[in-house]
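Asker:
In this note's numbering, the protein residues as written are 62 to 910.
(1) If we ignore side chains and look at the alpha-carbon of each, how far apart do residue 497 and residue 481 end up?
(2) Quick check on the burial criterion: 16 or more other C-beta atoms within 10 angstroms. Buried or exposed for residue 623?
(3) Keeping to the same chain, check which residues put their C-beta closer than 7 Å to that of residue 344; ignore five residues upstream and five downstream.
(4) Shortest alpha-carbon distance to residue 861 belongs to which of 851, 841, 355?
(5) If you drop the 5 nearest sequence neighbours on each side, which residues of the same chain put their C-beta closer than 6 Å to that of residue 803?
(6) Might you give, ordered along the chain, the residues of its own chain that have their beta carbon closer than 8 Å to the beta carbon of residue 322, omitting 5 neighbours on each side?
(7) Out of curiosity, what's the CA-to-CA distance linking residue 799 and residue 832?
(8) Report the start-end ranges of each beta strand (DSSP E) in the region 756-781 that is 3 residues or longer and not cut off at the edges.
(9) By a C-beta neighbour count over all protein chains shown, 10 Å radius and 16 as the cutoff for buried, is residue 726 buried or exposed?
(10) Using the three-state DSSP reduction, which class does residue 564 fall into: helix, strand or coil?
(11) Three-state secondary structure (DSSP) at residue 330?
(12) Within 8 Å, do at least three Cβ pairs link the region 447-454 to the region 127-143?
(13) Report all residues from its chain with a CB closer than 8 Å to the CB of residue 905; omit the five preceding and five following residues, and keep chain order.
(14) Where do the ends of the alpha helix (DSSP H) carrying residue 589 lie?
(15) Over the uninterrupted alpha helix (DSSP H) stretch that includes residue 506, give me the two end residues.
(16) Is it buried or exposed for residue 299, if we count other Cβ within 10 angstroms and need 16 for buried?
(17) What residue ranges within the region 627-702 form continuous beta strand (DSSP E) runs of no fewer than 3 residues, ordered along the chain?
(18) Output needed for residue 490: all residues of its chain with C-beta closer than 6 Å, excluding positions within five of it in sequence on either side, in chain order.
(19) What span of residues does the beta strand (DSSP E) with residue 64 cover, start to end?
(20) Taking only the alpha-carbon atoms, compute the straight-line gap between residue 329 and residue 402 and give it to the nearest angstrom.
(21) Work out the CA separation of residue 70 and residue 203 for me, nearest whole Å.
(22) Give the straight-line distance between the Cα atoms of residue 469 and residue 717, rounded to the nearest whole angstrom.
(23) Three or more C-beta pairs closer than 8 Å, one from the region 736-744 and one from the region 873-891: is that the case here?
(24) Based on the DSSP output, what are the partners of residue 238 in its beta bridges?
(25) Which residues in the same chain as residue 96 place their Cβ atom closer than 8 Å to its Cβ, once the five residues preceding and following it in sequence are excluded?
(26) Which same chain residues, not among the five before or five after residue 431, have their C-beta less than 7 Å away from its C-beta?
(27) So, residue 719 versus residue 730, is the Cβ gap smaller than 8 Å?
(28) Is it a yes or a no for the region 170-183 touching the region 245-256, going by three-plus beta-carbon pairs under 8 Å?
(29) Is it buried or exposed, residue 74, if we count other Cβ atoms within 10 angstroms and call 16 or more buried?
(30) Would you identify the three-state DSSP class for residue 422, choosing helix, strand or coil?
(31) Residue 837: which of 521, 823, 847 sits nearest, CA to CA?
(32) Given that a residue counts as buried once 16 or more other Cβ atoms are within 10 Å of its Cβ, and exposed if not, what is residue 151?
(33) Under three-state DSSP, which class holds residue 77?
(34) Give me the Cβ distance between residue 77 and residue 266, rounded to the nearest whole Å; I'm assuming they're in contact under 8 Å.
(35) Rank 358, 353, 205 by C-alpha distance to the C-alpha of residue 277 and give the top, closest one.
(36) Quick check on the burial criterion: 16 or more other C-beta atoms within 10 angstroms. Buried or exposed for residue 290?
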């Protein structure tokens, strides 16, 4: 996927750190370029390359993709072709990299099996390093590609190599099934890491320069889920539940914040509410995070896990997102899908959120579920209205409820893998019902997922090897970023299916439970018999509780943190769980978390102070410093907000004792000078920072330079008076230089065009902003101007002054002067400041103050 999505993926962070800790391995990252960058790479004749060393994909030994969604498969083809690797596994040369894949999508690997030499099913912490080391040994021994793959399939559990298996066609259904051939394992049993503790979540991960989806330290606190939602693939394929210890979680969060500079941490799991001691863990974390003004969020929090104590802890520094996932509007349908949530649970969670200060709640629902009726769909709107009314009674002013509605897609290895996909027309009809019900409800926003995208996802989810031709055809005709609404085209996929003479109806229809499935050769370790029994229970609307924590000695019931009790149940799903060992580990985790809370002595920590009481600004005395820095090279493509965020994180990594504003959302006391446009370099940019300690300016400069990204360099640091005017007030003029590539325009011609503008007495420039077009005269802003020709390239140096409170952008001047943007043009802001007694003083000059 794109950088913004891929950089947030926890699995990539885990494997990246794990592999790079091994002295014999190195891992680098690459993401799918957006279509405009793809075009630029093709036009320039450049390959797709890694971010770390700019090595093209074809020069690696192994290229691995994490497939989180079926709709990203066309991006794989884009990346392979741009990286110089043949698309089809049968077309690759002996020296080509092994192309492998992992992630939940590979639990039915057949639709994409034409493109991967192997897929790794299950956990990668143990299997992937073993695969890479063994492949390296075989390469060194001169073993050929085909024999290497056969050896790896035999020796690495969870590795499926499509070329080693035969196929047969079911004459009745036309489906292609995998058949045994030779010594290849059948079924392929997923790789499983029994204990996560030997594989601590990494604290050292790449820090993004640009904004990404989850711009924070995210830590996996547990893997797996026992709730048994019947539509959920992840709840099956990531079983059994394995928890990290509270101490390792806290240590990882604190180390991750220290090394990254982020100001938010997140606890993640498939079901964080089922972590054995979530509230004590959150309390222990907030004892450390609140003094740092670092926020905490908890993802995938089930409704019954929303307690007043937990909400109070999460809201102490900054209220992060709050989501509730009822999935269905009626209790009957929630019993069908085995979602252990009641209307009372939903109302209680909403009340807790609103009374804790949240003014926006997001509700997740699904339509198209088995046995669903229009009454179930209309109940979604009714639930949203009830939650909104709770917000109006208990919440702050202007409460909003966002209702997000997706469409059910049957997935391999889930209990509902046999269910039919609801038709696009019916799904759109149900969406229309919801829109009509909520059309006049102010404060409620409805968002519906494109049903046509869900249809293609369902085809790819349950299809067989014939879909490889369809995927390739769709890609060749422009399919890119199909999971993004602005990239998806239903017509393109329909054309590909028609061109390959493949009827998708059998992949979308209900499947007989007794029938062989296309993905039966992949063993998720949960038996097909268990899934079939649970499927029948779902059709009968029979709710079954999750397999729970083992009871303490002599007790048959286990207290659940969210209230109530749960019976210890084992459904014999096929996993060999040591319930007694799990129970001992969870009891130990609870004791550890409570001991950590007890060690956090401040009374305001125990009371959860800050949930509804705003922070006070950092008290004085404060020490104000002005920092001058250069922003050059690739850093010029970062926006002003991204630069501010990057510098804040660099300061946090340098451990500067920064002061904070007050209120419910405290921020570091940082103030920047006039923003640079994207693409413009700066030689003397400035920002002010207030610290609680009087650091030596040279020490601050050295610490910042040690933690800043490439392209940034602190040039000087000075103390400034606390009451000195802000940088913006000291900037009345800005000096720039524009360098043009040789051949773009000569210095004489450039000077002639400037002279024509001056002679005309007016230089109009048009700007489009906020859907409006404005034209203004820039001649009064142009204070001085000079054209030179060093090294055969034209340089235009000029100084701008504000006129009528408006600045012209240097890029606008280039477009107006040259009628476009010549390739290779570079703009640099050289200085900014003001005239004092005829002297140009910059904000760093002592005389300016």
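Glycine included, every Cβ here is placed at the ideal spot set by N, Cα and C.
Answerer: Checking against the coordinates, here is how it stands:
(1) If I take the Cα positions, the gap works out to 26 Å.
(2) Because the pLDDT at residue 623 is just 39, under 50, the model does not fix this residue reliably, and the point stays unresolved.
(3) 374, 658
(4) 841
(5) 853, 854
(6) 268, 709, 710, 711, 712, 713, 714, 768
(7) If you take the alpha carbons of residue 799 and residue 832, they lie about 28 Å apart.
(8) 773-781
(9) exposed
(10) coil
(11) Residue 330 falls in the coil class under three-state DSSP.
(12) no
(13) The residues 687, 689, 745, 747, 777, 779, in chain order, have a CB closer than 8 Å to that of residue 905 in the same chain once the five nearest residues on each side in sequence are set aside.
(14) 589-600
(15) Counting along the chain, residue 506 falls outside any alpha helix (DSSP H), though it belongs to the beta strand (DSSP E) covering 505-509.
(16) buried
(17) 684-692
(18) none
(19) Run containing residue 64: none in the beta strand (DSSP E); it sits in the alpha helix (DSSP H), 64-67.
(20) 20 Å
(21) Cα-Cα distance, rounded: 35 Å.
(22) 49 Å
(23) Short answer: they touch.
(24) 229
(25) 541, 542, 548
(26) Excluding positions up to five away in sequence, the list reads 397, 477, 480, 599, 600.
(27) yes
(28) yes
(29) buried
(30) strand
(31) Taking only the C-alpha atoms, the option nearest residue 837 is 823.
(32) exposed
(33) helix
(34) 7 Å
(35) Among 358, 353, 205, the Cα nearest to that of residue 277 belongs to 358.
(36) buried
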